[in-house]
Each structure stands twice: as structure tokens, then as C-alpha cells.
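Participant: There's a structure below that I have some questions on.
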Amino acid sequence: MIRPRTGDFFYSGAELEIMKEDIRMFRDAGADGIVFGFLHKDGRIDVERTRMLAEEAGSMQICFHRAFDMSSQDVLTAHLDVSTVPQVTRILTSGQSPTTASTGALPQLRTLVRTAAHMPASATILVGSGVNARTIGPLLEELLPHGLREVHLSGGAWVASEMEFRRPGMGMGVGGDGEWGVWRTSEERVREVRTLADVAWTEFREKSKDRV
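Dropping the structure here:
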């Protein structure tokens with residue numbers, strides 16, 4: 073991910089130069105793809121800067137990340153803006169909701185997936201945030217018929233730290249339960265979601281054949 077800092081997605085000129093240099097390093101190292109996103113001060117998709125960094129990326133695939141979900145624009149307008157940059161191959165989104173399981177997320181995602189499926193030149197909708205073994209079933213049941221083909225998840229969990237001394241009231245990390253933990257991707261969690269997704273895809277294909 074090309075991101076010089078935490079916080080919002082309106083970057084200074086100096087931060088933009090850092091992002092360009094990071095992209096060049098990934099490109100020269102042979103990376104397959106990168107992730108980034110830009111917004112204007114008013115929350116609109118910054119197409120100009122997106123295009124600028126896309127040119128730096130060369131042949132690498134580009135995913136416009138969840139800055140999309142922080143946009144002031146409705147999902148269709150934001151999608152159209154991002155899609156004006158042909159190098160962007162994916163848009164990572166939870167439908168402008170905290171997670172894919174949030175109230176109101178599915179209708180927005182359905183609109184995006186359906187629209188992208190009927191626009192050959194548009195970026196693929198990569199659905200993510202809150203995707204796990206509990207949520208993947210309803211998500212795929214709803215969105216596969218509309219053209220969803222990709223999902224994103226971290227598959228992560230907090231693992232207890234081996235640190236023995238823990239100064240009371242102090243912290244340099246994320247705070248809360250994660251302050252003295254280590255975030256790690258769980259192979260078991262990822263495999264579980266992948267298995268459920270494969271089953272859902274097979275069932276969807278079989279139902280599609282029956283309707284033909």
C-alpha cells in the first residue's frame with residue numbers, strides 16, 4: 073500500500089513525492105500491483121493525482137483503496153470518477169459503510185457490482201472490510217448473481233505478546249486490547265473463508281446451469 077501516513081487522504085506536495093518514490097521502488101522490485109487512493113479537500117475523488125501516480129506505476133495493477141468509502145460523492149459518481157483512470161483495475165470498498173456487514177452496505181455494493189459488471193472498461197469491485205467466515209455466505213449469496221468475483225480480507229487476529237514487562241498506563245501501539253498484542257494473519261481463518269467461497273461459487277455455477 074502506498075500511504076505515507078495515517079489520517080485522511082488529502083496529501084501535501086511533499087507527501088505526494090514520497091508516494092511517487094515508493095511506487096518507483098515497488099515497480100523496480102518487480103511488484104505485481106499497488107494500492108493507493110486520493111481525495112480532494114471536499115471529499116471528491118482526486119482523479120488528477122490518481123492518474124499521476126498511475127502513470128508512475130507503469131504496468132503494475134492498481135487498486136484504489138477505501139479512500140473510496142470516505143468520499144463525499146455517492147458510490148456511482150465516485151466509481152465513474154475512478155474508472156476514468158484506465159490503469160486502475162480494482163476498487164476496494166465496503167459500500168461506504170464501516171464494514172460489508174453494516175446496515176446499508178449490501179444495497180450500495182449491489183449497485184456497484186452490477187454497474188461494474190456492465191461496464192467492461194471499469195475497475196472491478198473488490199469487496200472488503202469485515203469479510204470473515206460468518207459474513208462471507210450472505211455476502212456471496214447476495215452479490216454473486218450481480219457479478220461479484222473478488223473479495224478481500226485480512227484474516228487477522230490479535231496474538232498475545234510475549235512481552236513480560238508492561239508499564240501501566242503507557243502505550244505506543246493501537247491501544248485497547250491490541251496494545252500488548254501482535255496482529256497476525258491466520259492461515260486457518262483465510263482457509264476457512266476460501267473454502268466457504270469455493271462452495272458458494274460451485275453452488276452458484278450449478279444454479280446458473282439449471283437456469284439455462
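Residues in the sequence shown are numbered from 73 upward in steps of one, following my numbering. Beta carbons: idealized from backbone N, C-alpha and C, even for Gly. Small disclaimer: the values here were computed from a predicted structure and weren't measured.
#1: When the Cα atoms are used, what is the spatial distance from residue 227 to residue 106?
#2: Take residue 262 as the anchor and find which of 241, 283, 207 and 279 has the nearest alpha-carbon.
#3: My guess is that residue 230 and residue 249 are in contact by the Cβ rule of under 8 Å, so how many angstroms apart are they, rounded?
#4: Helix, strand or coil for residue 85? Go by DSSP, reduced to three states.
#5: Answer with buried or exposed for residue 104, where buried requires no fewer than 16 other C-beta atoms within 10 angstroms of its C-beta.
#6: In terms of residue numbering, what span does the alpha helix (DSSP H) encompassing residue 276 cover?
#7: State buried or exposed for residue 136, treating a residue as buried only when at least 16 other CB atoms are found within 10 Å of its CB.
#8: What does DSSP give as the partner residues of residue 197 in its beta bridges?
#9: What separation, rounded to the nearest whole angstrom, lies between the Cα atoms of residue 185 and residue 220?
#10: Taking all protein chains shown into account, decide if residue 78 is buried (16 or more other Cβ within 10 angstroms of its Cβ) or exposed.
#11: CA-CA distance, residue 91 and residue 109?
#12: Leaving out the 5 sequence neighbours to the left and right, which residues in its chain are closer than 7 Å to residue 159 when beta-carbon positions are compared?
Facilitator: Walking through what the data contain:
#1: The count along the sequence shown starts at 1 and reaches residue 227 at position 155. The count along the sequence shown starts at 1 and reaches residue 106 at position 34. In a straight line, the C-alpha of residue 227 is about 20 Å away from that of residue 106.
#2: Working through the sequence shown from its first residue, we reach residue 262 at position 190. It is 207.
#3: Residue 230 sits at position 158 when you count from the first residue of the sequence shown. Residue 249 sits at position 177 when you count from the first residue of the sequence shown. With 8 Å as the limit, residue 230 and residue 249 qualify as a contact, their Cβ atoms being about 6 Å apart.
#4: Walking along the sequence shown from the start, residue 85 turns up at place 13. Taken through DSSP and simplified to helix, strand or coil, residue 85 comes out as helix.
#5: As a position in the sequence shown, residue 104 is number 32, starting the count at 1. Taking all protein chains shown into account, residue 104 has fewer than 16 neighbouring C-beta atoms within 10 Å of its C-beta and is therefore exposed.
#6: Along the sequence shown, read from residue 1 onward, the residue named residue 276 stands at position 204. Unbroken alpha helix (DSSP H) run through residue 276: 259-283.
#7: As a position in the sequence shown, residue 136 is number 64, starting the count at 1. That one is buried.
#8: Walking along the sequence shown from the start, residue 197 turns up at place 125. Paired residue(s): 163.
#9: Sequence index remark: in the sequence shown, residue 185 carries index 113 (1-based). Sequence index remark: in the sequence shown, residue 220 carries index 148 (1-based). Computed Cα separation, rounded: 6 Å.
#10: Sequence index remark: in the sequence shown, residue 78 carries index 6 (1-based). Sixteen is the threshold: since fewer than 16 other Cβ atoms of the shown chains lie within 10 Å of the Cβ of residue 78, the residue is exposed.
#11: On the sequence shown, position 19 is the one that residue 91 refers to. On the sequence shown, position 37 is the one that residue 109 refers to. Roughly 11 Å separates the two Cα atoms.
#12: Indexing the sequence shown from 1 puts residue 159 at position 87. Closer than 7 Å at Cβ, skipping near neighbours: 126, 129 and 134.
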